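In my numbering, the protein residues as written are 15 to 392. C-beta: ideal position from N, C-alpha, C; glycine also. For clarity, every value in this text was computed on a predicted model and none was experimentally measured.
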Amino acid sequence: MHPREHSDLRRRGRGLWADTAESDWDDWNWQLRNRITTLAELESRMSLTREEREGCLFAKDRLALAITPYFFNLIDRENPDCPIRRQVIPRVEESYVNAGESTDPVGEEHTMPVPGLVHRYPDRVLFLATDRCAAYCRYCTRSRLVSNARHYDFHPDYERALRYIGEHPEVRDVLISGGDPLLLSDAKLDHLLGRLRAIPHVEFIRIGTRMPVFAPQRVTPGLCEVLKKHGPVWMSLHVNHPDECTGELFEACERLAFSGTPLGNQSVLLKGVNDDAAVMKRLVQRLLMMRVRPYYLYACDLISGSAHLRAPVEKGVEIIRALRGHTSGYAVPQFVIDAPGGGGKVPVNPEYVDMASLDADLVRMTNFEGREFVYPAR
Numbered sequence: 015m016h017p018r019e020h021s022d023l024r025r026r027g028r029g030l031w032a033d034t035a036e037s038d039w040d041d042w043n044w045q046l047r048n049r050i051t052t053l054a055e056l057e058s059r060m061s062l063t064r065e066e067r068e069g070c071l072f073a074k075d076r077l078a079l080a081i082t083p084y085f086f087n088l089i090d091r092e093n094p095d096c097p098i099r100r101q102v103i104p105r106v107e108e109s110y111v112n113a114g115e116s117t118d119p120v121g122e123e124h125t126m127p128v129p130g131l132v133h134r135y136p137d138r139v140l141f142l143a144t145d146r147c148a149a150y151c152r153y154c155t156r157s158r159l160v161s162n163a164r165h166y167d168f169h170p171d172y173e174r175a176l177r178y179i180g181e182h183p184e185v186r187d188v189l190i191s192g193g194d195p196l197l198l199s200d201a202k203l204d205h206l207l208g209r210l211r212a213i214p215h216v217e218f219i220r221i222g223t224r225m226p227v228f229a230p231q232r233v234t235p236g237l238c239e240v241l242k243k244h245g246p247v248w249m250s251l252h253v254n255h256p257d258e259c260t261g262e263l264f265e266a267c268e269r270l271a272f273s274g275t276p277l278g279n280q281s282v283l284l285k286g287v288n289d290d291a292a293v294m295k296r297l298v299q300r301l302l303m304m305r306v307r308p309y310y311l312y313a314c315d316l317i318s319g320s321a322h323l324r325a326p327v328e329k330g331v332e333i334i335r336a337l338r339g340h341t342s343g344y345a346v347p348q349f350v351i352d353a354p355g356g357g358g359k360v361p362v363n364p365e366y367v368d369m370a371s372l373d374a375d376l377v378r379m380t381n382f383e384g385r386e387f388v389y390p391a392r
């Protein structure tokens, strides 16, 4: 069976927006113009729990509410524990600040030499191109910045950022993120990618986006031509649950892949969303069917108000152990913690090797079945 015919990758269609013209539905700008952004709009389409309603009341002061019609159709409106619902509908728990949490959990602010450019790793920079997204994830690491609900007043300085990159020959890798850079027009993306490609020492360009997940209609022939023109431009998607792997997303990924855009995925380990080995196995296998390589599984950052969504680190290790050897190696992401305060990504792996045995003649190891083996240490 071809992936596009797979029952789990079927198109979801217009759903609650069945009366909308197909030409409008397939227009990503229509998706943005018709986002659900208020409590009244949300309650007109579904019943909310008390925790959700209270969360919506203060969202405008912390992280805005916004859900595209396409993504809203993926929510099980009868299930308060729906994993799609938990990701995008505010909850009152977001107002609770726990010990260790902060508005800048991975220390971006003190590694920003110019506005909108983070230089934390020796050969890489993070280029924050915008502060807006198609929809807002309730665990967002940059909730201080995106949607401007906290009046951060973010203004990226493209010229200063490009000049900084040009003056630092050690920078060979640029990740364009935000907010979501695919909210930029094709013309603006074309200009930005062209300027980066003109810098001789920039070898590797990436785009971090959740736009194809929130509005796969954004992946137009025009966008694909821009990516092809400046390629290879690698793209990191952000898919957290197998229910997000729809026929529409499959088709968008197919268009991206055929444009020469290598695709990876970064998931965040979230309580009640994907903190289950069976769920994660379905997700990574569907991603491979869509030509997307699972890349990272992140422990949820210590962003203020995220405790209700953070799963224990041991659960992430347990999931990796359940995947290794039980599905394709390509399907197994690297579980990482982005060290608080700016320490960078730290891999967290199950222990397969007896590290003490490395000093002996034989390395003692345990495979995915729990069986023990030895290998010459030297």
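Alpha-carbon spacing of residue i relative to residue j, whole angstroms
i: M379; j: P308; result: 25 Å
i: G114; j: G356; result: 14 Å
i: R138; j: F349; result: 20 Å
i: P235; j: A325; result: 39 Å
i: D200; j: K243; result: 12 Å
i: S161; j: A374; result: 56 Å
i: I81; j: I50; result: 5 Å
i: E108; j: S318; result: 7 Å
i: A391; j: Q280; result: 34 Å
i: S273; j: A370; result: 48 Å
i: D33; j: L301; result: 31 Å
i: H40; j: A148; result: Here the sequence assigns Asp to residue 40, which means His is not the residue at that position. Taking the straight line joining both Cα atoms gives about 15 Å.
i: M304; j: H215; result: 32 Å
i: N286; j: R209; result: Residue identity check: residue 286 is Gly in the sequence provided, not Asn. Cα to Cα, the separation comes out at about 42 Å.
i: A291; j: E332; result: 8 Å
i: V282; j: G330; result: 10 Å
Nearest candidate by alpha-carbon position, reference residue i, set the options
i: Y178; options: A163, M126, A391; result: M126
i: H133; options: R186, S61, W31, E262; result: R186
i: V367; options: H165, N381, P361; result: N381
i: K74; options: H165, C238, K295, G330; result: H165
i: L316; options: H340, Q299, D352, D290; result: D352
i: E92; options: E108, R59, V102; result: R59
i: V233; options: G330, L263, I334, S371; result: L263
i: T260; options: L237, G278, F228, E239; result: F228
i: R28; options: L88, L323, E65; result: L88
i: V298; options: R338, R269, V327; result: R338
i: R47; options: D38, A54, L53; result: D38
Simplified DSSP state of residue i, which is helix, strand or coil
i: K359; result: strand
i: V306; result: coil
i: L77; result: coil
i: T125; result: helix
i: F85; result: helix
i: D373; result: helix
i: S116; result: strand
i: M225; result: helix
i: P390; result: strand
i: R100; result: helix
i: Y344; result: helix
i: R296; result: helix
Limits of the unbroken beta strand (DSSP E) element including residue i
i: Y135; result: 131-135
i: R385; result: It is not in any beta strand (DSSP E) - R385 carries neither H nor E in the DSSP assignment.
i: A35; result: Careful: A35 lies outside any beta strand (DSSP E) and carries neither H nor E.
i: I351; result: 348-353
i: V139; result: 138-142
Residue i - containing alpha helix (DSSP H), residue span
i: V331; result: 327-337
i: N381; result: Per DSSP, N381 belongs to no alpha helix (DSSP H) and is neither H nor E.
i: E65; result: 64-72
Inset, instruction - Counting only runs of 4+ residues fully inside the stretch 152-221, write out the alpha helix (DSSP H) ranges in chain order. - result: 172-181, 200-211
Inset, instruction - Tell me the start and end of each unbroken alpha helix (DSSP H) in the stretch 258-290 that is at least 4 residues and wholly inside, in chain order. - result: 261-272
Inset, instruction - Within the stretch 232-262, note down every full alpha helix (DSSP H) run reaching 4 residues or more, in order along the chain. - result: 235-243
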